[in-house]
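Colleague:
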Amino acid sequence: MTLSASIEGLNLLASSDPSQGSGVFVSWSQLSGPPATIIGMDTLRPTLIPTRSGVVRLRLKVGTLLSFDSDEVLVYVLGDTQDVTVTGEARKWHKLALTFQHDTVLSETSTVNPFLDLRLRVLFFHVETGKTLSVPGFFAADGVAATSGATAGDRWRVNFTPDLAGTWYYLASFRAGNGVALISHPRAGLPVSFDGASGPLHVAPADPTAPGFLARGRLDYVQKHHLRFAETGEYFLKGGAGSPENFFGYYEFDGTTDQGGSLNDLNLAGFQDGLHHYQQHFGDYVDLGVPLWNGKGRRIFGALNYLAARGVNSLYALSYNLDGGDGAEVWPWSAPTERLRFDVSKLDQWERVLDHMNRAGIVWHVMTQETENDHDLDGGALGNQRELYYRELVARFGWANGLVWNLGEENTNTPAERMAFADFIREIDPWDHPIGLHNRVGDIPGTFGTLLGTHLELLSIQGDPTNTPPRARQLVLDSAAAGRPWVVNFDEQTPADAGVLPDAVDFWHDLIRREALWPMLLGQGGGCDWYFGYGHPNDDLDCEDFRSRENLWLITKRALDFVRGHVPFEQMEHADSLAVANGASVLAKRGEHYLVYVPFGGSIWFDLEGHVGPFLVSWFDARNGGILQDGSVTQVSGPGFQFLDVPPGPGDWVAFVRRAANFAPEIEAVDAEPRVFESGGDFSLVVHARDPNGPSDALVVTADFIDPNGSPYSSVVLTHRGGSLYSLFLPSAPAIDPGTWRAEVRVQDAGGLEDTRTLEFEAR
């Protein structure tokens, strides 16, 4: 056969004479020159990523059934002459901003639309694993638009959050052409300016002492009914603020004015400008490392600090509420009537708020549209306006570890449109953030039923607290049966004029606690965002003071802390039929752990089925919290129905029933980051371990380090970082002898049962 190798930019090209037979395999190898990496699924057209300047000599080899042939190519790497600035801490789960300088100054209003007619996409390649991420970039004006207010400039940026420690290489693709931003083909348009810019990024291990999601990692969908943090392995239960939905209608953001939405207290009282000020949270501000902009942002940051301090871990907030929306003061575009150009400085400021949320441990539940405007972009279809909108959201905010996309509130798009929206977001979001949909409980068959088994990971249900949890439980079962378990949340409580009332009207929130919070948690639900009804102050559009529902946050936090701290809820199933009690809800890992919630007290008969036990019984006060309490019955044995007693006090209680026998802990994974240790760099020994007895059984994790000569070096106790994660984190670790080291890991529970694992790593 005839074979030739060549190079086009940084794409290697292989071609052969088809008349000579088809190739069985195609392989590229480096013969000489500075280290380079060849990546790509298409071996006829892979990508070369050099590490530095020099001459790289490559060999292309093709084998057929009859013969082998090869060719060679020389690649002259001249080095990166482009101005690439990397800002941020090069560490796992931390955001890095790569800023490139174009040779042309553009503006939000340029004839050449920088958002549509230019496309920045950066490929990131992880050397140790071969993992690749293709991350969309964006026009950044002068690069500091949050503080300058600039609408023009020559800077382009990509935000990248590495999910692996070690060495990454980046390769920038910068193309120009009519509508090229919405064309997926990598060679669409023409290469311009800094196209091909590349370089290495040396990423340190995760810092377990970092704030919020910088330590816990990305919130991922993992084919279960609960999301999970990628670093700690902790499963997520949501206790969120569902109001105000127009949270980003904030007076200190550039280009933000009230466009005549529903008349409310933001117009009639206070500053009377139709915008949020969050003045009551000025004193709650805590600096988490994200700078204010020209002294602005302290109040909105303070509101988030207050919520985080009360255990709130999610915020339901619209990114677009024009075109009939209730609030009409939140939009990402350069003008209220514009749909293909964006407000660069405003989005920079939004990004700072999201950065602060990320560090505070609050997920942004991104509500991308609402029922009043879900047919405004492209008439409800997936066209240029909607695609560009989604692309800008992903490019600007997809780096965040705590992020959930929602296709729309009270959504009225067709099933085909919803599927198209989800497919497009999934295609362009390299981090695969969960995608959800919001609708009323009465619309479940026509809305959610059409999407079972595909497209979505998460549901947001709106409805009356008295009948929504049973419908949510059915969706949990239906989605599991369809092969794609959904995370089902109760995210808007009706009636609309009430929702969750202020503490001044309903201090203990008995209805919400009894009919919504606990039934959702024990029904395998993902949690709740609390909606504030418009018939009371601090409502869904004009909430300025989150202290208006202080006791709501505390009641929610107590419930979440109890469930997270006592049972492996992600392994448990809803099982109300096991209890004979007034209105009981049951969450069970049969034969091991049970939570039995009784909203109105009374006696409980409980079916242990064929499990003999014995089982311990204690009680948690769902209204007031506190420590576990004993009743007159502290232990029962099966099989069959047993009397669990009545709660030790009036009101609603949770019976905690768990097997008295002790089970050995289990090590799930052990790893070292990096696997090749170098003195002066960060080092982390990571252990994931769980106890079948539940998270309330404390584990002690130790590691004995053995040097290359087989001699003991040191013994350390690892720190519990949350979820299943225990780690030893050594920043700027001292030098150790080169060679192969061993870490002998032991996990032991309070009863002396243990599990062990050995890990080898290199030092040089």
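Numbering (the working numbering) for the sequence shown: 394 to 1157.
Note that beta-carbon positions come from the ideal geometry of N, C-alpha and C, so glycine has one too.
It should be emphasised that the depicted structure is a prediction, and the values quoted were computed from it without experimental measurement.
Have a look at the DSSP bridge pairing and note the partners of F532.
Modeller: Within the sequence shown, numbered from 1, the residue matching residue 532 stands at position 139. Beta-bridge pairing links F532 to W549.
Colleague: In the DSSP assignment, what residue or residues form a beta bridge with F1036?
Modeller: Mapped onto the sequence shown, residue 1036 falls at position 643. DSSP output for F1036 lists W998 as bridge partner(s).
Colleague: Touch check for the region 1124-1143 and the region 1091-1098: three-plus C-beta pairs under 8 Å?
Modeller: Judged by Cβ distances under 8 Å, the region 1124-1143 makes contact with the region 1091-1098, as three or more pairs qualify.
Colleague: Which complete beta strand (DSSP E) runs does the region 1046-1116 hold, if anything under 3 residues is left out?
Modeller: Counting only runs of 3 or more, we get 1046-1052, 1059-1066, 1076-1083, 1092-1099, 1105-1110, 1112-1115.
Colleague: Of the residues V1039, L1111, P1101, which one's Cα is nearest the Cα of R393?
Modeller: Nothing in the structure corresponds to residue 393, since the chain is present only between 394 and 1157.
Colleague: Reducing DSSP to helix, strand and coil, say where G1132 ends up.
Modeller: What you label residue 1132 is simply residue 739 of the sequence shown in a count that begins at 1. Correct three-state label for G1132: strand.
Colleague: Excluding sequence positions up to five away, which residues of its chain have a Cβ less than 6 Å from the Cβ of V723?
Modeller: Within the sequence shown, the letter at position 330 stands for residue 723. Once the five neighbours on either side are set aside, the close Cβ partners of V723 are N639, F641, G642, L711, N714.
Colleague: DSSP three-state call for H959: helix, strand or coil?
Modeller: On the sequence shown, residue 959 is found 566 positions in, with the first residue counted as 1. In this structure, H959 counts as helix in the three-state DSSP scheme.
Colleague: Using the rule of at least 16 other Cβ atoms within 10 Å of the residue's Cβ for burial, across every protein chain shown, is A974 buried or exposed?
Modeller: For the purposes of this step, residue 974 is taken as residue 581 along the sequence shown, with counting starting at 1. By the neighbour-count rule (16 or more Cβ atoms within 10 Å), A974 is buried.
Colleague: Measure the beta-carbon distance from D871 to H831 and round it to whole angstroms, keeping in mind my assumption that it falls under 8 Å.
Modeller: Within the sequence shown, numbered from 1, the residue matching residue 871 stands at position 478. Within the sequence shown, numbered from 1, the residue matching residue 831 stands at position 438. With a Cβ gap of about 18 Å, D871 and H831 do not count as contacting.
Colleague: Determine the contact status of N552 and W824, defining contact as a CB-CB distance below 7 Å.
Modeller: Looking up residue 552 in the sequence shown gives position 159. Looking up residue 824 in the sequence shown gives position 431. The answer is no: Cβ separation not under 7 Å.
Colleague: Mark H595 as exposed unless 16 or more other C-beta atoms lie within 10 angstroms of its C-beta, in which case mark it buried.
Modeller: Walking along the sequence shown from the start, residue 595 turns up at place 202. Per the 10 Å Cβ criterion, exposed.
Colleague: Per the contact definition of three or more C-beta pairs closer than 8 Å, is the region 739-759 in contact with the region 692-703?
Modeller: Yes: at least three Cβ pairs fall under 8 Å.
Colleague: Determine, for L656, whether the minimum Cβ-Cβ distance to residues of chain C falls below 7 Å.
Modeller: In the structure shown, chain C cannot be found, because there is only a single protein chain.
Colleague: Using 8 Å as the Cβ pair cut-off and three pairs as the minimum, do the region 616-624 and the region 577-586 touch?
Modeller: Too few Cβ pairs lie closer than 8 Å, so no.
Colleague: Around the C-beta of T474, are 16 or more other C-beta atoms found within 10 angstroms, so that it is buried, or is it exposed?
Modeller: Translated into the one-based positions of the sequence shown, residue 474 becomes position 81. Legend: pLDDT at T474 = 44, less than 50; position of this residue unreliable, no value from coordinates given.
Colleague: Please say whether W998 and F1163 have beta carbons closer to each other than 7 Å?
Modeller: Because the chain in this structure spans residues 394 to 1157, residue 1163 falls outside the shown range and cannot be described.
Colleague: Taking C-alpha atoms, which residue in E624, G772, G1031 lies nearest to P555?
Modeller: Locating residue 555 in the sequence shown gives position 162, counting from the first residue. The shortest C-alpha separation from P555 is found at E624.
Colleague: In whole angstroms, what is the alpha-carbon distance linking W486 and A662?
Modeller: Here residue 486 is taken as the residue at index 93 of the sequence shown, counted from 1. Here residue 662 is taken as the residue at index 269 of the sequence shown, counted from 1. Cα to Cα, the separation comes out at about 42 Å.
Colleague: DSSP state of Q1141, grouped into three classes?
Modeller: Position 748 of the sequence shown, counted from the first residue, corresponds to residue 1141. In the structure shown, Q1141 sits in a strand (DSSP, three-state: E or B).
Colleague: If you run the structure through DSSP and keep just helix, strand and coil, what is S970?
Modeller: Numbered from its first residue, the sequence shown carries residue 970 at position 577. DSSP places S970 in helix when its eight states are reduced to three.
Colleague: Determine, using beta carbons only, whether F1013 and F955 come nearer to each other than 7 Å.
Modeller: Within the sequence shown, numbered from 1, the residue matching residue 1013 stands at position 620. Within the sequence shown, numbered from 1, the residue matching residue 955 stands at position 562. The answer is yes: Cβ separation under 7 Å.
Colleague: With burial defined as no fewer than 16 other Cβ atoms inside 10 Å of the residue's Cβ, what is the status of V1110: buried or exposed?
Modeller: If you number the sequence shown from 1, residue 1110 lands on position 717. Under this definition V1110 is an exposed residue.
Colleague: Helix, strand or coil for E1153? Go by DSSP, reduced to three states.
Modeller: The count along the sequence shown starts at 1 and reaches residue 1153 at position 760. Strand at E1153.
Colleague: Does the Cβ of T522 have 16 or more other Cβ atoms within 10 Å, making it buried, or fewer, making it exposed?
Modeller: To locate residue 522, count along the sequence shown from 1; it is residue 129. Exposed: under 16 other Cβ atoms inside 10 Å.
Colleague: Starting from G704, trace the alpha helix (DSSP H) both ways and give me its first and last residue.
Modeller: Start at 1 with the first residue of the sequence shown, and residue 704 comes out as number 311. It is not in any alpha helix (DSSP H) - G704 carries neither H nor E in the DSSP assignment.
Colleague: Taking Cβ positions, are R484 and A597 nearer each other than 7 Å?
Modeller: Counting from one through the sequence shown, the residue named residue 484 turns up at place 91. Counting from one through the sequence shown, the residue named residue 597 turns up at place 204. Yes, Cβ-Cβ distance for R484 and A597 is below 7 Å.
Colleague: Suppose the cutoff is 8 Å on Cβ atoms and the five residues either side in sequence are ignored; what does the same chain contact list for L1092 look like?
Modeller: Sequence index remark: in the sequence shown, residue 1092 carries index 699 (1-based). So the qualifying residues of the chain are P1058, A1082, D1084, H1113, Y1119, V1140, Q1141, D1142.
Colleague: To which residues of the same chain is A968 closer than 6 Å at the C-beta, ignoring the five residues directly before and after it?
Modeller: Here residue 968 is taken as the residue at index 575 of the sequence shown, counted from 1. Contacts found: V979, A981.
Colleague: G829 to N804, Cα distance in whole Å?
Modeller: Along the sequence shown, read from residue 1 onward, the residue named residue 829 stands at position 436. Along the sequence shown, read from residue 1 onward, the residue named residue 804 stands at position 411. Looking at the two C-alpha atoms, the distance is approximately 11 Å.
Colleague: Can you find the residues in the same chain that come closer than 8 Å, C-beta to C-beta, to A533, ignoring five residues on each side of it along the sequence?
Modeller: For the purposes of this step, residue 533 is identified with residue 140 of the sequence shown, where counting begins at 1. Within the same chain, A533 has close Cβ partners T492, G546, R548, W549, R550, V737, D741.
Colleague: Relative to the C-alpha of R906, which residue among N571, N1055, V683, W1046 is closest?
Modeller: The residue labelled residue 906 in the question sits at position 513 within the sequence shown. Checked all of N571, N1055, V683, W1046; the closest Cα to R906 is W1046.
Colleague: Kindly list the residues whose CB is nearer than 7 Å to the CB of W946, restricted to its own chain and excluding five residues on each side of it in sequence; keep chain order.
Modeller: If you number the sequence shown from 1, residue 946 lands on position 553. Cβ within range, chain order: R703, G704, V705.
Colleague: Buried or exposed for G610, please, with buried defined as at least 16 other CB atoms from any protein chain shown within 10 angstroms of its CB.
Modeller: Along the sequence shown, one-based indexing puts residue 610 at 217. Buried, because 16 or more other Cβ atoms sit within 10 Å of the Cβ of G610.
Colleague: Would you say G390 and H959 are within 7 Å of each other, going by their C-beta atoms?
Modeller: Only positions 394 to 1157 of the chain appear in this structure, which leaves residue 390 out of reach.
Colleague: Return yes when the Cβ of D588 is within less than 7 Å of the Cβ of F567, no when it is not.
Modeller: Counted from its first residue, the sequence shown places residue 567 at position 174. Counted from its first residue, the sequence shown places residue 588 at position 195. Their beta carbons are under 7 Å apart, which means F567 touches D588 by this criterion.
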